[in-house]
Amino acid sequence: MPKTLTSLLLLVLLCPHQSLHGQVSLAPQVPTTGTFKIEHSFELSQLIVLDDIDYKTTQQQTKTTLHKVREPNADGHVTITETVEQLKNSTRLPGNIRFAYDSTASKAEVPLFDAICEATITTQLDQSGNIFDLTIDSTFAILPEETQKLVFSELDPKTVKKRRQQVLSQYHIAPVRIGESWDQVISIPLSHNSQFLFKTTHTYSNTTEHPKTKNTLHQVTVNFHEGAFTRDTETFAEGDPMTIVEATKTYWFDSHHGRIFKSSVNLSLTGDITFKMKQVKTTAHLTLDLKRSWEIP
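First residue of the sequence shown: 1, per the numbering used here; consecutive thereafter.
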């Protein structure tokens, strides 16, 4: 049976960079020393039809993470430690298997989510803002094999580093003015080295005020044109084409703190996907609805 598709929410930190003539750089930079939280929200509804059998998965999750940025070391590298303060999850798997998790309540342990809650992710950024090193202190190595498969994309250091660096590299480097657009292929990671790739157009559309600090926020809207489901190192052309029923993405860049203040994406997709099951290539029909957002409170 196909494994539950999971997503990985990736942190992007940016530093202020505003050029002359109203241009703003939205590219990721090295963060400044300090502590902040991020509130995450995720909803998934997935239906896989294989050999005329329906496999339905739903998931709702909220999470609060704490990020501590240290002073640069002798090489100019900045270290960020990331821990989970709160995690709530409600999941229904094929076969009507249900479970719920609340890290703030006294309930039965769920090794899958205990491992995520107890993990510490340490990221070291070089002077260019790229990931120099990433380690994860967790119980991943002692988890049962089946549980490891479910949290692999969350707790395997090589996978997390690769995906986070991939997201950092997708942001636009050149300064832009309001109304300017640029084309980009972006990735939304899934489980087990699979991902959605999308051909998109990004537009620096507007400015607004931060609701609390009144600092300027720069709004970027993303239009989706084409999508593909890919595995491992497959390119967009090598992937399985997906029909985009609905897709929107918006994020807001805080020019004072130099980072993304808020981001949201809504996806509704359908299409045939191919994968290996027991070493046999199989085709199934996928229908997926996904909502994901995060915000620095």
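Yeah, the Cβ is synthetic: ideal placement off N, Cα and C, and Gly gets one too.
Computed from a predicted structure; not experimentally measured.
Where DSSP assigns a beta bridge to residue i, which residues make up the other side?
{"i": "P241", "result": "A228"}
{"i": "D102", "result": "K88"}
{"i": "V110", "result": "None, per the DSSP bridge assignment."}
{"i": "E82", "result": "H67 and I121"}
{"i": "T233", "result": "BP columns for T233 are empty, so no partner."}
{"i": "Q219", "result": "N206 and W252"}
{"i": "I97", "result": "L93"}
{"i": "Y55", "result": "I48"}
{"i": "Q60", "result": "E43 and S90"}
{"i": "A247", "result": "L267"}
Might you give, ordered along the chain, the residues of its own chain that have their beta carbon closer than 7 Å to the beta carbon of residue i, omitting 5 neighbours on each side?
{"i": "K3", "result": "Because the pLDDT of K3 is 36, which lies under 50, any placement of that residue in the model is unreliable, and the number read from its coordinates should be weighed accordingly. Excluding positions up to five away in sequence, the list reads K149, S191 and H192."}
{"i": "V49", "result": "A284 and H285"}
{"i": "M1", "result": "Any reading at M1 needs caution, since the residue's pLDDT is 40, under 50, leaving its predicted position unreliable; the model's value is listed next. Once the five neighbours on either side are set aside, the close Cβ partners of M1 are Y55 and P94."}
Please work out which residues of its chain come closer than 8 Å, Cβ to Cβ, to residue i, disregarding the five sequence neighbours upstream and downstream, and give them in chain order.
{"i": "H17", "result": "In this prediction, H17 has a pLDDT of 43, which is less than 50 and means its spatial position is unreliable; nothing more can be read from the coordinates."}
{"i": "G22", "result": "R177 and I178"}
{"i": "P157", "result": "L134, T135 and I136"}
If you follow the alpha helix (DSSP H) that residue i is in, where does it begin and where does it stop?
{"i": "F152", "result": "E145 to L155"}
Anyone know if the C-beta pair for residue i and residue j falls short of 7 Å?
{"i": "S255", "j": "W294", "result": "no"}
{"i": "E85", "j": "L112", "result": "no"}
{"i": "T213", "j": "T207", "result": "no"}
{"i": "I136", "j": "I116", "result": "no"}
{"i": "F224", "j": "M242", "result": "no"}
{"i": "L87", "j": "K63", "result": "yes"}
{"i": "S138", "j": "L155", "result": "yes"}
{"i": "Q60", "j": "S103", "result": "no"}
{"i": "I188", "j": "D240", "result": "no"}
{"i": "L197", "j": "F236", "result": "yes"}
{"i": "T270", "j": "T282", "result": "no"}
Which residues in the same chain have their Cβ closer than 6 Å to the Cβ of residue i, if we skip the five residues on either side of it in sequence?
{"i": "W182", "result": "H172 and H202"}
{"i": "S268", "result": "V245, E246 and D289"}
{"i": "L11", "result": "At L11, the pLDDT of 26 sits below 50, so the modelled position is not reliable; the number obtained from the coordinates is stated separately. Around L11: no qualifying Cβ."}
{"i": "T35", "result": "K68"}
{"i": "F132", "result": "H77, Q124 and D126"}
{"i": "R292", "result": "F42 and V265"}
{"i": "S7", "result": "Reliability fails at S7, whose pLDDT of 28 lies under 50, so the model's placement of it is uncertain and the value that follows must be treated cautiously. Contacts found: none."}
{"i": "R231", "result": "S194"}
{"i": "Q219", "result": "S205, N206 and W252"}
{"i": "E226", "result": "K199"}
{"i": "H210", "result": "L217"}
{"i": "Q165", "result": "I131"}
{"i": "R92", "result": "T58 and R98"}
{"i": "T159", "result": "S153"}
Which residues bound the beta strand (DSSP E) around residue i?
{"i": "I121", "result": "T120 to L125"}
{"i": "S205", "result": "S194 to E209"}
{"i": "I188", "result": "S181 to P189"}
{"i": "V49", "result": "G34 to L50"}
{"i": "A284", "result": "V280 to E295"}
{"i": "F132", "result": "I131 to D137"}
{"i": "F261", "result": "R259 to M277"}
What residue from the options has the CA that sits closest to residue i's CA?
{"i": "L47", "options": "K291, A284 and I296", "result": "A284"}
{"i": "K161", "options": "T139, L143, L134 and S187", "result": "L134"}
{"i": "T200", "options": "V185, H210 and P211", "result": "V185"}
{"i": "P297", "options": "T32, K37, T33 and S169", "result": "K37"}
{"i": "Q195", "options": "K249, P72 and F275", "result": "F275"}
{"i": "R163", "options": "T104, E146, H218 and T233", "result": "T233"}
{"i": "R70", "options": "N89, T33 and S45", "result": "T33"}
{"i": "E180", "options": "Q165, A237, V222 and E238", "result": "V222"}
{"i": "A298", "options": "V151, N96 and P144", "result": "The chain is shown only over 1 to 297; residue 298 falls outside these bounds and no answer can be derived."}
{"i": "D114", "options": "I97, G129 and T147", "result": "T147"}
{"i": "T83", "options": "A100, N73 and E39", "result": "E39"}
{"i": "N130", "options": "Y101, T57, T287 and T79", "result": "T79"}
{"i": "P144", "options": "V167, M277, V110 and T57", "result": "V110"}
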